[in-house]
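Worksheet: the structure to be examined is printed underneath.
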Amino acid sequence: MAISEHLLETIREAVGPGGWIDDESGMEPYLVEPRGLWRGTCAMIVRPDSTEAVAAVVRLCAQAGVAVVPQGGNTGLVGGGVPDGGIVLSTARLNRIRAVDAANHTMTVEAGCILADVQDAARAANALFPLSLGAEGSCQIGGNLATNAGGVAVLRYGNARDLVLGLEVVLPDGRIWNGLRGLRKDNTGYDLKHLFIGSEGTLGIITAIVLKLFPPPRASETVLAAMADVESVLALFMRARDEFGDALSAFEMISRIALEFTVRHIPDAADPLESAHAYYALIELTSPRAGDNLRDSVEAVLAAALEDGVIEDAVIAESQSQSESLWRIREFIPEAQKSEGGSVKHDISVPVSKVPEFIHCASEAVAAMLPGTRVVAFGHVGDGNIHFNISQPVGADTDAFLARWDEFNRIVFDITFEMGGSFSAEHGIGKLKRKHFVHYKSAVEVDLMRRLKKALDPDDILNPGKLV
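Numbering (the working numbering), first residue to last: 775 to 1242.
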């Protein structure tokens, strides 16, 4: 629907100078998503600098029946922040660290804080905020919560929702719910914060958060182990989990082709081992105790695994720079894959025990559909989340390959579903996966979610066309 100039001017007055963008070039970065799959349209970008201003804008739009599309750092991969009309409400100016409670081990931050800045603020308080993503230098904590982001530390610390004690949220009618309680125990009814975490901005706009903090790591070891097959990856994970317990912070799988792509296309990335291996596991161990001798434990586990034929080789980082070099291989796989032509990417999860079976079945199925297809499998195998990416055959026509996106999706998602898995482990639904949401979710789940949306946002003001 058309938006009146009177409403736009009233919104400008509500947010004050510097609180809006309405010129074409200034709006452009807010209208496109990282992979270029969509370009949206809207009347104006609104950038409030307070919760009260957010509430005022939402209230005005609700009264006029105008859609509001919340947007954080715009780093999502499913089109959840792409507008189809209405206005975009950016949280970028809600970027204050409101409080740090050292004794309670919590930090209260606004939704527009960049994730890396939240991590830095925790370090300045001699603490750790463990959420860590490839986009942490530009993504915002509010968006991380709206999508229930995962990342590399889920194995030890959980998803984004596990790191939250309280929220402040602007509701679709413009009311403010202040749930900023730093309580670890509060058994007084529905835990409302979990309605909004993972809701992708369709039920409310998160404006501030009480985050959990943890003791910082004072001892750490980084290991890259090489294996002949994916079954050995699972076998090594089980040994590491049993031996290291809570010290096991990350366990990431890297397939050989993923490593080759990174070494080929990413500057300063190098193969750390002399010979090629089918699979690798990147392992991070940490302890809050400076005197913990993790090295001896690591060496003992690796020696036993080598003797038993579980691993073929391994390297332990001898310095922080070597550790960063090993992590560079893992973190730049998606960037390296761009240089190999078109790719169809899947963010799935299955029970950890089913990871080898899934990789075998899905790889065989896509190869049968299109011979020469290259499977680039990597990810957080310790929590069952595999990024099962498919690169086009060498020399293939990129457009023709990408035209079969839905075919690849159906093959991979059907296998995932049959194994009791999820077709979206950490990226969310957005626009990209709405049809899969209806297809793979049960009728009861879909109905319950739609009822929640209708109850909280009956006029479909917040982020329409996303998720449900």
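Don't be surprised by glycine CBs; every beta carbon is placed ideally from N, CA and C.
Uninterrupted beta strand (DSSP E) stretches at least 3 residues long and entirely within the region 1060-1114 occur at 1087-1090, given in chain order. Look at Tyr-1054 here: in three-state DSSP terms it is strand.
At a Cβ-Cβ threshold of 7 Å, Gly-917 and Glu-1105 do not count as neighbours. Between Phe-1182 and Val-1118, the gap from beta carbon to beta carbon is short of 7 Å. Between Thr-921 and Gly-975, the alpha-carbon positions lie close to 8 Å from each other. Just measuring C-alpha positions, the residue of Thr-815, Trp-812, Leu-987 and Gly-956 sitting nearest His-879 is Leu-987.
Following the DSSP letters along the chain, one finds Ala-1024 inside the beta strand (DSSP E) bounded by residues 1022-1029. Annotation for Ala-827: the continuous alpha helix (DSSP H) segment containing it runs 825-838. Here the region 1014-1030 lies against the region 1091-1109, with 3 or more beta-carbon pairs under 8 Å apart. Per the coordinates, the alpha-carbon of Val-1186 lies some 8 Å from the alpha-carbon of Val-1140.
Per DSSP, Trp-951 lies in no alpha helix (DSSP H) segment; the continuous beta strand (DSSP E) that holds it begins and ends at 950-953.
In the three-state DSSP reduction, Lys-1128 falls in the helix class (H, G or I).
Short of 7 Å from the beta carbon of Gln-1111, and not among the five residues preceding or following it, lie these beta carbons of its own chain, in chain order: Phe-1035, Ser-1117, Val-1150, Asn-1163 and Ser-1165. The Cβ atoms of Ala-993 and Leu-1068 sit closer than 7 Å to each other. About 6 Å separates the beta carbons of Leu-1022 and Leu-1059, which is inside the 8 Å limit, making them a contact pair. Counting only the Cα atoms, Ile-1203 lies some 31 Å from Leu-781. Less than 7 Å separates the beta-carbon of Ala-885 from that of Leu-868.
Under the rule that a run must span 3 or more residues, the beta strand (DSSP E) segments found entirely inside the region 903-984 read 938-944 and 950-953. Annotation: Leu-929 to Asp-1180 spans about 31 Å, alpha carbon to alpha carbon. Classified as exposed, Tyr-964 has fewer than 16 neighbouring CB atoms from the shown chains inside 10 Å of its CB. As the crow flies, the alpha-carbon of Gly-853 is around 28 Å from that of Ile-871. Spatial neighbours of Ala-1043 in its own chain (CB-CB distance under 7 Å, excluding positions within 5 residues in sequence) are listed in chain order as Thr-1036, Val-1037, Arg-1102, Ile-1103 and Phe-1106.
Within the region 1111-1192, the complete alpha helix (DSSP H) segments of 4 residues or longer fall at 1129-1143, 1172-1176 and 1179-1192, listed in chain order.
Assignment of beta-bridge partners to Trp-794 by DSSP yields Val-820. Proximity to Val-1089 across Pro-1125, Asp-1066, Ala-1064 and Glu-1048 peaks at Glu-1048, based on C-alpha coordinates. Annotation for Met-1001: Val-1007, Leu-1010, His-1051, Ala-1052, Tyr-1053, Tyr-1054, Ala-1055, Val-1084, Ile-1085 and Glu-1086 place their beta carbon closer than 8 Å to its own, counting only its chain and skipping 5 residues before and after. Within the model, the alpha-carbon separation for Ser-1071 versus Gly-1019 is close to 12 Å.
Boundaries of the alpha helix (DSSP H) around Glu-787: 779-789. By the Cβ neighbour-count rule, His-968 is exposed, with fewer than 16 other Cβ atoms within 10 Å of its own. Within 10 angstroms of the beta-carbon of Met-1193 lie 16 or more other beta-carbons, which makes it buried. Ranked by Cα distance from Ile-1133, the options Phe-1152, Met-818 and Ala-898 are led by Phe-1152. Comparing alpha carbon positions, the residue from His-1213, Leu-1222 and Arg-813 closest to Asn-848 is Arg-813. Taking C-beta separations shorter than 6 Å and ignoring five residues to either side along the sequence, the partners of Thr-996 in its chain run Glu-1058, Ala-1091, Ser-1097 and Leu-1100, following chain order. For Phe-1197, the secondary structure class from DSSP, reduced to helix, strand or coil, is coil. The C-alpha of Leu-851 lies about 16 Å from the C-alpha of Leu-1176.
Ser-1113 and His-1039 do touch by the CB rule: their CB atoms are close to 4 Å apart, below 8 Å.
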